[in-house]
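To start, the structure itself, in structure tokens.
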Amino acid sequence: MKKRSSGFTVVEVLIFSTVGLMLMVLLFQLFITATRRTEDSRLRVDLQQKGLLVIREISNDLSRASLRGMAATESSNDYILGITPIEVRHPGFWRTVQHLYVFRGNEKELYWREALSGDFTDPLMSEKPYLPGPSELQHLASNSTGKHRILSSHVEEFSVSDRNGSKTQFQSLPLVLDMKLRRPLSHSDRFAEFTVQKRFTLRNSY
Numbered sequence: 001m002k003k004r005s006s007g008f009t010v011v012e013v014l015i016f017s018t019v020g021l022m023l024m025v026l027l028f029q030l031f032i033t034a035t036r037r038t039e040d041s042r043l044r045v046d047l048q049q050k051g052l053l054v055i056r057e058i059s060n061d062l063s064r065a066s067l068r069g070m071a072a073t074e075s076s077n078d079y080i081l082g083i084t085p086i087e088v089r090h091p092g093f094w095r096t097v098q099h100l101y102v103f104r105g106n107e108k109e110l111y112w113r114e115a116l117s118g119d120f121t122d123p124l125m126s127e128k129p130y131l132p133g134p135s136e137l138q139h140l141a142s143n144s145t146g147k148h149r150i151l152s153s154h155v156e157e158f159s160v161s162d163r164n165g166s167k168t169q170f171q172s173l174p175l176v177l178d179m180k181l182r183r184p185l186s187h188s189d190r191f192a193e194f195t196v197q198k199r200f201t202l203r204n205s206y
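Using the numbering used here, read the sequence shown as starting at 1 and increasing by one per residue.
Shown next, in the form of structure tokens:
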């Protein structure tokens, strides 16, 4: 087939159009793949940041804690940890509040709650810590009147144990935080995970 002096043949135009279309499809697929990878990377970073936030929060509470002022309860799906902080300016005395870490296994969420003195069966005293039992901890986890916030979602495991592995009776150091965050990625059947096992040696022995 002869070319016109001023242009291309119909066959050449079709070939160029087909090649151009294929390049556009390829570039679009590359763009979609890059976008998905970017979003999955963002999810991984977000999960890690949430995990580090929890570690920072509980590290701060444990820096002002003693084994004498800690209580916990564990059920099949939930774990509740109560920490009575020590007065920073008056060592040997206790604040009349309790900080609760409430893990709800079914919802896969971890909460931080502040229980005030009036929330307890007996008012809190600064001379000694009050250790609520399992049923009272369960009540405080849902009904405490102080500050509260969600620390993280997508939490699959959360607990604190002592050197002997006890998660509810804290008698020996170091304490060990076990935590696992896990969430599905947006565009695949894989998961982003953040797992930590961190040891704590408390500075306060009273």
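Glycine included, each C-beta is placed from N, C-alpha and C at the ideal position.
Query - F200 beta carbon less than 8 angstroms from that of M70 - result: no
Requested in this report: Take the Cβ of H90 as the centre, count every other Cβ of all protein chains shown within 10 Å, and call the residue buried at 16 or more, exposed below.
Outcome: exposed
Requested in this report: Could you check what DSSP says for S159 in three-state terms: helix, strand or coil?
Outcome: strand
Query raised in the report: In or out: K3 buried (at least 16 other Cβ within 10 Å) or exposed?
Result: Summary for K3: the model assigns pLDDT 49, below 50, so the residue's position carries little reliability, and this model does not support an answer.
Requested in this report: Starting from the C-beta of E127, find all residues in its chain whose C-beta is less than 8 angstroms away, skip the five residues before and the five after it, and write them out in chain order.
Outcome: F93, W94
Query raised in the report: Who are I86's beta bridge partners in DSSP?
Result: W94
Query raised in the report: Comparing alpha-carbon positions, which option in S66, G51, N77 lies nearest I210?
Result: With the chain represented from 1 up to 206, any question about residue 210 goes unanswered, as that position is not in the structure.
Query raised in the report: From which residue to which residue does the alpha helix (DSSP H) around S126 run?
Result: Per DSSP, S126 belongs to no alpha helix (DSSP H) and is neither H nor E.
**Report entry** Contact check, K198 vs I83, beta carbons under 8 angstroms
**Finding:** no
Query raised in the report: DSSP three-state call for R56: helix, strand or coil?
Result: helix
Report task. Just the C-alpha distance for D119 and Y130, rounded to the nearest angstrom, thanks. Result -> 12 angstroms
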